[in-house]
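Asks: Under this note's numbering, the letters of the sequence shown match residues 73 to 342, in that order. Ideal Cβ positions, reconstructed from N, Cα and C, are used throughout, including at glycine. Below: one structure in structure tokens.
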Amino acid sequence: MEVVIGVSFKRAGKIYYFDPDNIEVENGERVIVETSRGIEMGKVVVEKKKVEKKEIVSPLKKVIRKATLKDKDKNEENKRLEDEAFDIALKKIKEHKLPMKLIDVEYTFDHNKVIFYFTADGRVDFRELVKDLARVFKTRIELRQIGVRDEAKMVGGLGPCGRRICCDTFLRDFDPISIQLAKDQELALNPAKISGLCGRLMCCLKYENDYYQEITKIMPDIGEKVTLSNGSKTEVVDRNLVEQVVKLKNKDGDVMKYKLEEIQKMKEKN
């Protein structure tokens with residue numbers, strides 16, 4: 073077992089483990105750590121805990137120190153520089169007439185590298201652009217092509233529910249989403265209604281699926297026969313898995329709404 077803390081470098085970003093090296097840190101504190109990209113400042117999102125060695129990507133790097141006021145000021149300065157770099161990169165992309173969309177710019181904490189995130193429909197020959205940017209910023213340049221889901225996570229926005237999109241708030245990893253999930257949840261297979269801002273199937277289809285699997289086990293199926301408390305025979309013609317409500321139709325064609333708990337009580341009596 074290894075004692076580690078979990079550090080994230082972006083809002084709702086992936087969690088990376090580090091050796092706290094006897095430095096006492098609390099959840100929410102900023103720390104300076106060494107990563108494969110160089111020295112970085114991150115936020116503690118998992119306090120000290122023990123994990124199996126198989127859960128760790130070796131070698132486990134140590135926390136260098138708690139972030140000081142000077143470190144935090146430097147990080148704020150980096151954000152200002154990133155905004156400037158974004159504007160410069162946009163102009164350079166336009167000059168080189170490249171078919172790419174710039175999404176975000178990130179300075180590493182130690183200014184060892186500037187990373188430009190972009191989307192494009194296919195491969196882009198950006199070698200001349202990299203040379204141009206290196207002459208401007210006089211440091212290492214990395215252009216990283218990302219997918220539409222990563223773009224949505226970086227840019228943010230409001231989902232169809234009216235709240236900030238999940239990947240920008242708490243989802244740290246993207247799970248594979250299939251159309252079968254929408255079918256299992258009995259949703260209308262309208263792309264406009266089951267797709268997120270990224271144009272892909274909504275992430276909530278995945279993490280809400282456990283609820284739907286459980287509720288479908290106890291909800292009556294469409295076409296199932298139900299005998300009401302007064303003895304009349306009805307048939308299930310519709311159901312709402314979220315509200316746990318079913319619609320029953322009798323032989324006269326009348327449609328009535330019943331809650332799941334009412335249906336269960338009638339089944340117990342009959």
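Give the secondary structure of ASP155 by DSSP, where H, G and I count as helix, E and B as strand, and everything else as coil.
Replies: DSSP places ASP155 in helix when its eight states are reduced to three.
Asks: Can you find the residues in the same chain that come closer than 8 Å, C-beta to C-beta, to ALA254, ignoring five residues on each side of it along the sequence?
Replies: Closer than 8 Å at Cβ, skipping near neighbours: LEU261, ILE266, LEU273, LEU277.
Asks: Taking DSSP's pairing of strands, which residues face LEU230 in a bridge?
Replies: For LEU230, which the question treats as bridged, DSSP gives the partners ARG236.
Asks: Pop quiz: ALA139 and ILE104 are said to be a contact at Cβ under 8 Å. What is the actual Cβ separation, rounded to whole angstroms?
Replies: Going by Cβ atoms, the distance from ALA139 to ILE104 rounds to 6 Å, so yes, they are a contact pair.
Asks: Can you look up LEU273 in the DSSP assignment and give me helix, strand or coil?
Replies: DSSP places LEU273 in strand when its eight states are reduced to three.
Asks: Ends of the alpha helix (DSSP H) at LYS337?
Replies: Segment 332–341, the alpha helix (DSSP H) holding LYS337.
Asks: Within a Cβ cutoff of 7 Å, which residues of the same chain sit near HIS183, ignoring the five residues on either side of it in sequence?
Replies: Around HIS183: THR211.
Asks: Just verifying my parser: in three-state terms, what is the DSSP assignment at VAL177?
Replies: VAL177 falls in the strand class under three-state DSSP.
Asks: Going by beta carbon distance, what residues of the same chain come within less than 7 Å of THR241, once the five residues before and after it are set aside?
Replies: Excluding sequence neighbours, THR241 sits near ALA84.
Asks: Give every residue of the same chain whose Cβ lies closer than 6 Å to the Cβ of LYS339, excluding the five residues on either side of it in the sequence, and list them in chain order.
Replies: Counting only Cβ-Cβ distances below 6 Å, and skipping sequence neighbours, we find nothing.
Asks: Give a yes or no on contact between the segment 287–294 and the segment 244–252, applying the rule of three or more CB pairs nearer than 8 Å.
Replies: Flag = no, the segment 287–294 and the segment 244–252 do not touch.
Asks: Which residues mark the beginning and the end of the beta strand (DSSP E) in which ASP310 is found?
Replies: 305–312 is the extent of the beta strand (DSSP E) around ASP310.
Asks: Across which residues does DSSP place ARG212 in a beta bridge pair?
Replies: For ARG212, which the question treats as bridged, DSSP gives the partners LYS185.
Asks: DSSP on GLN217, reduced to helix/strand/coil?
Replies: Residue state, collapsed to three classes: strand.
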